[in-house]
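Participant:
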Amino acid sequence: MKKVNLVKRVSSLLMIGAFVLAAGSCEEKEGVKTFEVKVQLEYPDGYIAQKGVKVELKGAAATFEASTDSTGLAAFKVTAGTYEARVSEVRNTNASTIVLNGTQAGIAVTDPWSGEIVTLTLSESKQSKLLIKELYVGGCQKDDGGSFQRDPYVILYNNSSEPISLKNVSWGATLPSNGHTTNNFVNESGVLSYQSEGWIPAGFAIWTLEQDVTLDAGKQIVIAFENAIDNTQTYSNSINFAHPEYYAGYDMDVYTNTTYYKVSDVIPTNHYLKAYKLTGVTATAFVLSVSSPALFIFQPTEEGDSIISKFVNNPENITLHGGYTSQVTLKTPVEWILDGIEVFAQGQESSTKRLTDKVDAGSIYFTNQQGYTLYRNVDKEATEAIANNAGKLVYNYSLGTADLVGGSTDPSGIDAEASIKNGATIIYKDTNNSSVDFHQRRRASLRD
Amino acid sequence: MLRSLFILVLFSGISPLIYAQYRIAGKVIDRKTQAPIEYATVVLPDNELWTLTDKNGHFIINNIAQNELRIVVSCLGYEQQSLLWNIRKDTLTAQILMSPSNLALNEVTVTAKNKQDESATSYLIGQQGLEHLHATAIADVMSLLPGGQTNRNLHLATGSPQRITLRGSAGEKDNTSFGTAIEINGVRLSNNAEFGAASSSSIGEIYGIDTRNIATGNIESVEIITGIPSAEYGDVANGIVKINTKKGKSPLSVEVTMQPNTKQVAVSKGFDLSHKIGVLNIDAEYARSISDLASPYTSYKRTSVSALYENTFNKQNKPLSLAIGLTGNVGGYNSQADPDQFLYTYNKQQDNALRGHLRLDGVLNLPWITRWETFLSVNYTDKLSSVNTNKSSSGSIAAIHGTEEGYFMAQNYDEKPDAAIVLLTPGYWYELAHTDNKLIDITAKVKAKWVRQFGKLHSNLMLGADYVRSGNQGRGAYYDDLRYAPTWREYRYDQVPFMNNIALYLEEKAGMTFNESSGVQVMAGLRSDMTIITQSVYGNVHSWSPRLNVKYFFDAWTVRAGWGRTVKLPSFSVLYPAPSYSDKLAFDPGANSENMIYSAYYIQPYQPIYNPDLKWQSTQQAEIGVETRIAGMHFSVIAEHNLYKNSYTSRTTYTPFEYKLTDRRQLELSPIPSAHQKYTIDRQTGVVTVSDLTGVYPDETLSYRTIRTFKSNSMYVNASPSQRSGVSWIVDFGKIPVIKTSVRLDGKYYRYYGTEDRITASSPTSQVMADGNYYKYVGYYIGSSSTSNGSEKRQVNTNLMLTTHIPAIRMIMSLRIESTLYHYTQNLSEYSGGQLGFALDGRENYFPSADHPNRIYNSDRYVAVYPLYYTTYDDMDTKIPFAETFAWAKENDQALYNELARLVEKSNTDYYFNAERLSAYYSANISITKEIGDRASITFNAINFLNNLQSIRYSSRNVESSIYETSYIPKFYYGLSLKIKI
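Top line first, the protein sequences correspond to chains S and A. When we follow this note's numbering, the leftmost residue of the first sequence carries the number 1, and every step to the right adds one. When we follow this note's numbering, the leftmost residue of the second sequence carries the number 1001, and every step to the right adds one.
#1: Assign E1905 (chain A) to buried or exposed, taking buried as 16 or more other Cβ atoms, counted over all protein chains shown, within 10 Å of its Cβ.
#2: Using DSSP with H/G/I as helix, E/B as strand and the rest coil, what is S1202 (chain A)?
#3: Name, please, each residue of chain A whose Cβ falls closer than 8 Å to the Cβ of P163 (chain S).
#4: E1223 (chain A) and Q1127 (chain A) - do their beta-carbons sit closer together than 8 Å?
#5: How is the alpha helix (DSSP H) around S1299 (chain A) delimited, first residue to last?
#6: Terminal residues of the continuous beta strand (DSSP E) containing E303 (chain S)?
#7: Quick one: using the 10 Å Cβ neighbour count with 16 as the cut-off for buried, is Y395 (chain S) buried or exposed?
#8: Is there a Cβ from chain A that is less than 8 Å from the Cβ of I229 (chain S)?
#9: Residues of chain S with a CB under 9 Å from the CB of L1585 (chain A): which are they?
#10: Quick one: Cα of L295 (chain S) to Cα of Q1826 (chain A), how far?
#11: What residues of chain S sit near F1342 (chain A), judged by a beta carbon separation below 9 Å?
#12: Any beta-carbon of chain A closer than 8 Å to the one on S238 (chain S)?
#13: Give the DSSP-derived three-state secondary structure of L1280 (chain A) in the structure shown.
#14: Does the stretch 1645–1663 of chain A come within contact of the stretch 1704–1716 of chain A, defined as at least 3 CB pairs closer than 8 Å?
#15: Span of the beta strand (DSSP E) holding R1705 (chain A)?
#16: Which residues in chain S sit within 8 Å of G1686 (chain A), going by Cβ to Cβ distance?
#17: Shorter than 8 Å from the beta carbon of R1843 (chain A) to some beta carbon of chain S?
#18: Going along the chain, which residues of its own chain have a beta-carbon closer than 6 Å to the beta-carbon of A23 (chain S), five neighbours each way excluded?
#19: Would the beta-carbon of G1783 (chain A) fall within 8 Å of that of T1755 (chain A)?
#20: Could you check which residue in A:P1146, A:D1054, A:A1639 has the C-alpha nearest to that of S1725 (chain A)?
#21: Would you report the Cα separation of R441 (chain S) and P1867 (chain A), rounded to the nearest angstrom?
#22: Classify D1555 (chain A) as buried or exposed, calling it buried when 16 or more other Cβ atoms lie within 10 Å of its own Cβ.
#23: Can you tell me whether DSSP reads T269 (chain S) as helix, strand or coil?
#24: Provide the residue(s) that pair with K1735 (chain A) in DSSP beta bridges, ordered along the chain.
#25: So which residues on chain A does S177 (chain S) lean against when the C-beta distance must stay under 9 Å?
#26: Whose C-alpha, out of A:S1977, A:R1953, A:E1884, is nearest the C-alpha of T1929 (chain A)?
#27: Under DSSP, the alpha helix (DSSP H) around V436 (chain S) begins and ends at which residues?
#28: Counting pairs of beta carbons, one from the stretch 1409–1419 of chain A and one from the stretch 1354–1373 of chain A, are three or more of them closer than 8 Å?
#29: Flag S152 (chain S) as yes if its beta-carbon sits less than 8 Å from any beta-carbon of chain A, otherwise no.
#30: So, does the CB of L295 (chain S) fall closer than 8 Å to a CB anywhere in chain A?
#31: Can you tell me whether K1678 (chain A) is buried or exposed? The criterion is at least 16 other CB atoms within 10 Å of its CB, across all chains shown.
#32: For T1909 (chain A) and chain S, any beta-carbon pair shorter than 8 Å?
#33: Along the stretch 323–338 of chain S, where does the CB come closer than 7 Å to a CB of chain A? Name the residues.
#34: Is there a Cβ from chain S that is less than 8 Å from the Cβ of Q1991 (chain A)?
#35: Give the DSSP-derived three-state secondary structure of F1882 (chain A) in the structure shown.
#36: Of all the CB atoms in chain A, is at least one closer than 8 Å to the CB of Y247 (chain S)?
Below you can see the structure in the form of structure tokens.
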């Protein structure tokens, strides 16, 4: 009995001590009260914490940065509010480059602040040779007013130093299509139900490059998702896709809606992507979100001619978003996924993540209908390290949109497109975190 | 009772005995001013005799053979008087006092009341109830029925019609709004001849008329028949709404109504053209409703003018009444001025109407005929909708207009404007599309009544004939400029023949009084409809409609029972379905440097599928009701059961076919430079030839591949029976003198149960199989290709109405609390009494749960349904059992299993088959009417004035959410109405 009382007393003293410490973690400077928030990084098995890893606390008004100590603990002094903690740590090994990503939203710092340590669990992902360099989905202004949004495209880029095969490279986009609509995959704990199951849902259909195309290092391919023609003849702010090197999402056996699907006769037929419509989908067009898609590219780890077909047509690989039979999704294995980009619509602060940390630990805000595009940032250090780039890199990048509400720019300051035209080879940023890797560009690169 | 019935039937067939004939005459005078009332109608309803008072208020009716005499006296602006006289000699000096209809009266009714003298259940809403309700749409009036609820439409300015449905609600089978008949002064407002009224919903519902063009300012009364109607009413399945407009001499009346979204001005006057010429009522109304207070551009307008002329000849002896009415309405929905829309973009929907009628109603009072009536009417509705849309395209668009089978190449409009396929050139343009429905219904009716008396037995035999001719003189869908017309085929409604319906009916309404307080009344009728449909397989279709109502009353009790059958004629969408077309891309050369795409299509026309076995939709109604008065309180309970048979619904059929497709891969192999290529396609073979415009290369024939797929077509069939039953009640607790407040409790229990048992085909034909071909299987499901093939609904609505009437200050205030105490819906998956669907262990499963496969209801499980069997593209006649084959394929043929899995239908959620019970909810309205002298009155209404924010619980998901802004209660709004009589 006495032992129990002793335990109670000790625990009470510890609690009082913790409270005093917590209370002591509050500071007031020039009338602004700040609180000490500590974030402890929790590494996957086999990894040891390192000193100096940059951790961010992103709030509604400001983003705070701090570096970890040798135990992986980062300390911040922040004002009261709700924060998202995030980290992207890149580690190079002999065999590959590993990215350790972690995000945790909904950290409410209140007055009084309890001082509890926030644990940020990191997940391991690998850098890919093939990247999404640019995603243009928001459309532009028409010449008679209104907007034209049926001209989306993606540019894939070989970010490595060696050629890669694009056979069976496919793309899909999650459901819900928009980041700000109800996500029925979020369970009662606020976690994506598929996070622990190793797959990402691809909604309605996937598009596949079935041809055995080789993409050389530092090269790109342009894929027009819709209307692969010279759209500028009618919409002067749009994109001219009538180019023999471009690829087109065009499969009239599957998607027959001519409002969405046209193709120029200069694009060879072996540049068409094949559509795989999922079981139960009856729509005549694949409608990609024009405001906030979560798009990813993948390539099966196995090789073979009908790998995609077998995978898509196996009902075991199909699930329904929210159970709705019209919201069919394909359970795409995370280990197949090469890259992804999570886009949120500007002003939609309550958007929820759809890509898991292993694919994309961040997000990028986007304003549509203005001709803006989402463009990957330059890895300044790696790009400048290429000897052949000496004197070819163009700086003072001016196409960022940091001056706009919710806009962003490339912190490297390098104008990638101008540098490429100057003969430089660009290495793009790849931390599997859209918040770090992308910015909103003022103009589609195909209009440069 | 049975003995009385026997005597009644026995005596109906023999000649009447000779009884003494009396005369009644008298004077109708204003109770307040003692002035004689001219144009008052004096009716002996049991005798089918009537007359009109002269300028001195005098009336006379001869040859009355009855002792117990019911007399009903009515006149515009006065309370109707019902009197019971015992006539044993000529009565020539009767004085009938009429009280002006205003709030100074002791008795004022502002709700629907049972029509006591009818054998079938019907309700009457009078002038004071309508004014107190403050209705701007006729749909508002339905709220006054027992258990009725306030119209959920806040305004008229919606792009879709607003309809009335008696007995039924959204999502149910049986075309309930289509089956609800609406008449104004006897003119039936029918939309049988309307095309496009059918929806694309899974139940293929056909909708009834849009009621927004009915002016409300000139309505004198509304009668709603929910019971078994008289045999004179045909083409009905769900009850009848009869609207009577103001008749007779009346002062100039101006009424201004203001609601947040709706403004309405109504003017009316009844002109006395002199005693010989008659009375002319002129009414005019203008109403404008807007959809958004912040952007008052999208609107609905109603501009209605009506004239009703009445005169009675030979008033003193065998009067003959002539009534001629003409009503016109101009208006409709219009979004043209909305600055939020694109320049010049608009959506206009005309809702113009012209209704005319002529009625001759004569008393002959001869031994073989008592009264006769002839009625002629024309109802014309102009439903032209015009939608102007801003269009643009960066590439040319193939617009397919051809109606003949074959392969056709797209051509430039300027070169061949009448080509089967023309190219809309890239750029910007406006597309002005019209859909023109001009409905005409011409009606001629004649009926005769023969009233006889056999002692205490009273017989009223009615014989009548109707002729209704319905047609559509609209042009159908068309485009203002064919240069910009998208894929479309002309189908002119005005070339579709008229539908003619001839009906004969015979009805005996016999009554016997046993003593002063008891008697029995039997109404037995038989209606025969012959529908003549030319140029279709339906030809002539005949239907019978027997109807029987019995009413027995004793002391303060009345018991009613009825059984009958009503038949609803089909719509033109059912009778004359438009041809359909399959347009398949046959050649795709890609866009040239000018973004022109000279593609080719294979056109295959499909003639409409007529169903020679189609039967006319009918309803078997049965009802029983009890009414009584106890201790000053009035109780009324009516129970009904309705069986709906052969409702019109659509089904899809699949026909295998193949066509040739030449894609660009073939064209790429051609040595002819693309800039010099010219394409032609053989109309019969579909073979594409490429020619060199420069003549350097010879013509080249391209290879093709053959595509095998299905063409789907739809046909109308009869649905499985469904049931609606219910109990409605009214308890009038009477007036509490101290607080001058009367209390009324009314309500309704409603149950709907409907499942579909008939086989229906479904196939995801646009899906591509793993082998690259289009899907080749067709599943045949019981009911529909969804997990649910029906539903059950139950609902209990109760309304508590407190009405405070203070005659001294001529004011009436009412508080009405509308509550839904029980709201239950259950999706069903049933077949012949058994269960159709099965429970899954998870939404990704395809086979029944091993533990509880049959627990689909209230089990929080996903549910799946298999087709009963399936057929293949190659053999559409062999029915392959699905369940067995699917299970076998799972183990033995993965490819087949994968493809058949597409035919398994699953529920969207794991709570889809959980019963949905909503917790009770309510809303409250308040209305105040105040008369200021004899010339002005003000009415104020506040709807849902507490702006209810209560939470309601949904049992299927066990969640709660606010009722605010849901359709369960009306939105909060208020309105004011001012009426001035000059």
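Glycine included, each C-beta is placed from N, C-alpha and C at the ideal position.
Facilitator: In short:
#1: buried
#2: Model confidence at S1202 (chain A) stands at a pLDDT of 45, short of 50, so the residue's coordinates are unreliable and nothing is read from them.
#3: Residues of chain A passing the Cβ test: none, with the nearest at roughly 26 Å.
#4: no
#5: Segment 1299–1313 is the beta strand (DSSP E) holding S1299 (chain A); no alpha helix (DSSP H) there.
#6: Segment: none, E303 (chain S) is in no beta strand (DSSP E) and carries neither H nor E.
#7: exposed
#8: yes
#9: M252, T256, T258
#10: 39 Å
#11: D144, G145, G146
#12: yes
#13: strand
#14: yes
#15: 1705–1718
#16: None at all; the shortest Cβ gap to chain S is about 16 Å.
#17: yes
#18: Because A23 (chain S) carries a pLDDT of 40, less than 50, the predicted location of this residue cannot be relied on, and the following value inherits that uncertainty. Within the same chain, A23 (chain S) has no close Cβ partners at all.
#19: yes
#20: A:A1639
#21: 52 Å
#22: exposed
#23: helix
#24: A:S1742
#25: Under the 9 Å cutoff, chain A gives no residues; its nearest Cβ is about 17 Å from S177 (chain S).
#26: A:S1977
#27: 434–437
#28: no
#29: According to the sequence provided, residue 152 (chain S) is Pro. The question's Ser does not apply to it. No - not a single Cβ of chain A is within 8 Å of the one on P152 (chain S).
#30: no
#31: exposed
#32: yes
#33: G323, Y324, T325
#34: The structure shown has nothing for residue 1991 (chain A), since chain A only spans 1001 to 1982.
#35: helix
#36: no
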